[in-house]
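Structure first, commentary second.
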Amino acid sequence: MKLASLLLAGMLALSPHIHAANDAADPLESARWGDMRKEFFGDQTVVFDTRVEVTAPLTAENPMNVPVAVNAAALPDVREVVVFADFNPIVRILEFTPGAAEASLAFRIKLQQSSPVRAAARTGDGVWHVGGTWVTTTGGGCTVPSTGSASPEWQSRLNEVNGRMWSRQGQGERVRLRIIHPMDTGLAPSVPAFHIESLVLADEKTELMTIRTFEPVSENPLFTIDLAPGTDPARIRVTGRDNNGNRINAWVTR
Amino acid sequence: MGDAMMRHLRTLAAVSLMLVTALIAAADFDYGLSPRQVAEDTWVVVGRNEDFSFENGGNIVNSAFIVTSEGVVVIDSGPSRRFGEQLRAAIARITDQPILRVLNTHHHPDHFLGNQAFPAASLAALAGTIEGIRRDGESFNENMYRLAGDWMLGTEVTVPGQDIEPGPLTVGEHRLELLALDGHTGTDLAVFDRTTGVLFAGDLLFHDRAPTTPHANIPRWLASIAVLEALPVKVLVPGHGAPTTGSEPISQTRNWLEWLQQTIRSGAESGLDLTEMLDRPLPADEARLAVSAAEYRRSLSHLYPAAEQQALEHGAAGHAH
Numbered sequence: 000m001k002l003a004s005l006l007l008a009g010m011l012a013l014s015p016h017i018h019a020a021n022d023a024a025d026p027l028e029s030a031r032w033g034d035m036r037k038e039f040f041g042d043q044t045v046v047f048d049t050r051v052e053v054t055a056p057l058t059a060e061n062p063m064n065v066p067v068a069v070n071a072a073a074l075p076d077v078r079e080v081v082v083f084a085d086f087n088p089i090v091r092i093l094e095f096t097p098g099a100a101e102a103s104l105a106f107r108i109k110l111q112q113s114s115p116v117r118a119a120a121r122t123g124d125g126v127w128h129v130g131g132t133w134v135t136t137t138g139g140g141c142t143v144p145s146t147g148s149a150s151p152e153w154q155s156r157l158n159e160v161n162g163r164m165w166s167r168q169g170q171g172e173r174v175r176l177r178i179i180h181p182m183d184t185g186l187a188p189s190v191p192a193f194h195i196e197s198l199v200l201a202d203e204k205t206e207l208m209t210i211r212t213f214e215p216v217s218e219n220p221l222f223t224i225d226l227a228p229g230t231d232p233a234r235i236r237v238t239g240r241d242n243n244g245n246r247i248n249a250w251v252t253r
Numbered sequence: 000m001g002d003a004m005m006r007h008l009r010t011l012a013a014v015s016l017m018l019v020t021a022l023i024a025a026a027d028f029d030y031g032l033s034p035r036q037v038a039e040d041t042w043v044v045v046g047r048n049e050d051f052s053f054e055n056g057g058n059i060v061n062s063a064f065i066v067t068s069e070g071v072v073v074i075d076s077g078p079s080r081r082f083g084e085q086l087r088a089a090i091a092r093i094t095d096q097p098i099l100r101v102l103n104t105h106h107h108p109d110h111f112l113g114n115q116a117f118p119a120a121s122l123a124a125l126a127g128t129i130e131g132i133r134r135d136g137e138s139f140n141e142n143m144y145r146l147a148g149d150w151m152l153g154t155e156v157t158v159p160g161q162d163i164e165p166g167p168l169t170v171g172e173h174r175l176e177l178l179a180l181d182g183h184t185g186t187d188l189a190v191f192d193r194t195t196g197v198l199f200a201g202d203l204l205f206h207d208r209a210p211t212t213p214h215a216n217i218p219r220w221l222a223s224i225a226v227l228e229a230l231p232v233k234v235l236v237p238g239h240g241a242p243t244t245g246s247e248p249i250s251q252t253r254n255w256l257e258w259l260q261q262t263i264r265s266g267a268e269s270g271l272d273l274t275e276m277l278d279r280p281l282p283a284d285e286a287r288l289a290v291s292a293a294e295y296r297r298s299l300s301h302l303y304p305a306a307e308q309q310a311l312e313h314g315a316a317g318h319a320h
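Residue numbers (numbering that gives the first Met the number 0), protein chains in the order written: chain X, 0 to 253; chain L, 0 to 320.
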């Protein structure tokens, strides 16, 4: 088993995009990489791979709302993508499973301090491909209560979905959607964790993408999803729920 | 002792000397304020067209003063206690007149954190600005410590005790007009001296520097610029950038805001993600302004979410039944 994974790593190392991930090799030189590797991947094969692109500003103006885009569409056969930030008090940010959608997703996160933000894409052969970028921030994004938790207004709009679709000129559709939710982390004094846990996007026939979200996703989460060319749904159904069992159920049309 | 050893010692001594020199220079915390006369009785201390840094100690802002027979009117007190003290000393080198009034044009830290150096009774601002300083002052002050370090030593938020009414105000022989405007923040004061024709625009106008937008409302801001443009101005003192007898601060600030508003609206309407917007290059006219790339990205963070929300709410999503 060990030999097999060594051989696999050796073969993978021939690709210009990747190199085997050991502690010394972390291109982001994070002191937490060893822990991240253990927590997320255990004994599985992990490679650093520039085909997994994580785009975020070098310096985050607002630590409550840091824009991040993950694009692993250059990899073949992506089964699952996990996004995490080494130095966040809650490191796991979200996970997504592309169905008929491309292996890319953009969203906003809360950062407590400067940290690498990484995405790991698992391909059909079981290998995790890791990319990432450092984001510098003044911090504090995880330990303040949401705006929503301080105002009664959101309660009447909880889990309301606003969404829209755009044509990407022959390259498939783009879907953007925003859900009203406080996404409280549970780390602010006397505000319990309250966040969306799961979202499923589907057209009439097939599942397009499944997203599992955790506390560090920003309040009123906004997602940008690109569908593969040829997928041309007239409307998309969004279903999901939060950790208190409240349901999300809406249609997004053009 | 060998030659090599001597060389090492000499290098060590030279490096130590450089370090000590650098420490002494920094320990001065001298902003080097040198007031520039822009009209009769009227002086401006011009800040650098930069971002806050350890290097500039927050000296990126214009402070101004008018010397009248009744006393000195100061417009904006700068980013720190040290700045306020040095501004006061610079004023005292020019006139024996006492400080009569210190006006804060708005509640951003570089415009009021020097208040501490002036007599408490002289501090005045519009009510909205006083409220803003009360609300955000402490977090601004903390943030300034992080950005400018020991330049900020001893700086405490000092809230103006006197709220001023907009309208005419005669001080000595100077007939001032206080204009209550908004758009850069929720409350922006501009001071027009009808006697000299000098307009102190606060941060409603920037010159050769990209405007900042953390509390901006662009349509309101553009309306305020139209009000300023209608005044018979001879000398224009922007909040940031060199004073001028020309009208460039008006055209530059307006063009930037209109371009920014259009870019943000069309980006959100065509479904672009914020990360895609951050990557876009600036047009040549906008790119010419100091700190333009950084301010564009900051502005996206401030203003893009609301534009996205508007674009999405116009889309047709509804609850499924």
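The C-beta atom is built at its ideal place from N, Cα and C for all residues, glycine as well.
The C-alpha of residue 298(L) lies about 19 Å from the C-alpha of residue 138(X). Contact annotation: residue 123(L) and residue 161(L) have beta-carbon atoms nearer than 9 Å.
Three or more Cβ pairs closer than 8 Å define a contact, and the region 183 to 198 of chain L meets that threshold against the region 229 to 242 of chain L. For residue 226(L), the enclosing alpha helix (DSSP H) covers residues 217 to 228. Bounds of the alpha helix (DSSP H) holding residue 248(L) are 247 to 268. Among the residues of chain L, those whose CB is under 7 Å from the CB of residue 221(X) are 307, following chain order. Fewer than three beta-carbon pairs drawn from the region 47 to 67 of chain L and the region 246 to 261 of chain L are found closer than 8 Å, and the two stretches are therefore not classed as touching. Per DSSP, reduced to three states, the secondary structure at residue 248(X) is strand. Residue 105(X) reaches chain L at 272, 274, counting residues in chain order whose Cβ is nearer than 7 Å. As a beta-bridge residue in DSSP terms, residue 208(X) pairs with 97(X), 200(X).
Cβ proximity to chain L below 7 Å picks out 160, 161, 162, 163, 165 from the region 154 to 166 of chain X. Below the 7 Å Cβ cutoff, chain X contributes no neighbours of residue 78(L), its closest Cβ being approximately 17 Å away. DSSP, reduced to helix, strand and coil, places residue 103(X) within a strand of the structure shown. Chain X has no Cβ within less than 9 Å of the Cβ of residue 187(L).
Considered as a whole, the region 30 to 77 of chain X harbours 45 to 48, 52 to 54, 65 to 70 as its complete beta strand (DSSP E) runs of no fewer than 3 residues, in chain order.
Counting the other CB atoms within 10 Å of its CB gives residue 53(L) a total below 16, which places it among the exposed residues.
Chain-order list of chain X residues neighbouring residue 312(L): 161, by C-beta distance under 8 Å. Here residue 111(X) is buried: its Cβ has 16 or more other Cβ atoms, across all protein chains shown, within 10 Å. If you ignore the 5 residues before and after residue 290(L), its C-beta comes within less than 8 Å of the C-beta of 48, 49, 50, 208, 209, all in its own chain and listed in chain order. In this structure, the alpha-carbon of residue 29(X) lies about 9 Å from that of residue 133(X).
For the options 192(L), 260(L), 109(L), the alpha carbon positioned closest to that of residue 141(L) is the one of 109(L). With 16 or more other Cβ atoms inside 10 Å of its own Cβ, residue 70(X) counts as buried. Under the three-state reduction of DSSP, residue 186(L) is assigned to coil, being neither helix nor strand.
Residue 109(L) is outside the set of residues whose beta carbon lies under 9 Å from a beta carbon in chain X. Here the C-alpha atom of residue 148(X) lies approximately 45 Å from the C-alpha atom of residue 87(L). By the Cβ-count criterion, residue 214(X) is buried, with 16 or more other Cβ atoms from all chains shown falling within 10 Å of its own Cβ. Judged by pairs of C-beta atoms under 8 Å, the region 153 to 169 of chain X does not touch the region 203 to 211 of chain X, as fewer than three such pairs exist.
According to the DSSP assignment, residue 235(X) belongs to the beta strand (DSSP E) that extends over 234 to 241.
Below the 8 Å Cβ cutoff, chain L contributes 296, 297, 300, 301 as neighbours of residue 60(X), in chain order.
Out of 29(L), 137(L), 191(L), the CA that lies nearest to the CA of residue 167(L) is found in 191(L). For residue 16(X), the three-state secondary structure derived from DSSP is coil. Between residue 181(X) and chain L, the shortest Cβ-Cβ separation is not below 9 Å. When 8 Å is used as the limit between beta carbons, residue 145(L) is near these residues of chain X: 137, in chain order.
Using a Cβ distance threshold of 9 Å, residue 79(L) and residue 143(L) count as a contacting pair.
Taking 9 Å as the cut-off, the beta carbon of residue 106(X) is found closer than this to the beta carbon of residue 216(X). Near chain L, meaning a CB-to-CB distance below 8 Å, the residues of the region 62 to 76 of chain X are 64, 66, 67, 68.
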